[in-house]
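Everything in the sequence shown is counted per our numbering, starting at 9 for the first residue and increasing by one. No residue lacks a Cβ here, since even glycine has one placed at the ideal position from N, Cα and C.
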Amino acid sequence: MKLAPLAVTLLLATAASGCVVHARPARVVASGGGTVVYQAPPPPRQTVVIPAQPYSGAVWVEGHWQWDGYQYVWMDGYWEQPRAGYVYVQPRWERRGNGYVYVQGNWRQGGGRTTTVVAPRRTTTVVAPR
């Protein structure tokens, strides 16, 4: 009867090894028009030192948080060649309904000289309900 305690121990060890905790990614809700709404807000923007402008007129594209399917990943900013007659609108996250939507940076026809339009920085951090 010495096998019974050993069997119970093995059974408990096997059962306990099956208990694995996985972090749940933020819930993603798809909506029409190719827009994807993320339930969890992106982290606050990172503070970075912008490298020296490589040539006159270069336009700085700000870094931003990007969703990789599991978590937010920081994408570094970079210098881009200006486009005559266009302005650059920085990438940004917008709150829509109960979630957040990433709006990619883009060039818009603006006439005149090339300038950069900077999206307003958030002054408060919105915490999603758990």
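| Check | Outcome |
| --- | --- |
| Exposure of residue 52, with buried meaning 16 or more beta-carbon neighbours within 10 Å | exposed |
| Counterpart residues of residue 80 in DSSP-defined beta bridges | 75 |
| Residue 107 - containing beta strand (DSSP E), residue span | 107-111 |
| Of the residues 55, 64, 54 and 46, the one placed nearest residue 78, counting alpha carbons only | 46 |
| Proximity below 7 Å, CB of residue 94 to CB of residue 49 | no |
| Beta-ladder partner(s) of residue 57, from DSSP | Looking at the DSSP assignment, residue 57 forms no beta bridge with any residue, so it has no partner. |
| Nonlocal neighbours in the same chain, by C-beta distance under 6 Å from residue 67, ignoring five residues either side | 88, 90, 96 and 124 |
| Limits of the unbroken beta strand (DSSP E) element including residue 70 | No beta strand (DSSP E) holds residue 70; DSSP gives it neither H nor E. |
| Among 73, 98 and 111, nearest to residue 54 - alpha-carbon criterion | 73 |
| Exposure of residue 100, with buried meaning 16 or more beta-carbon neighbours within 10 Å | buried |
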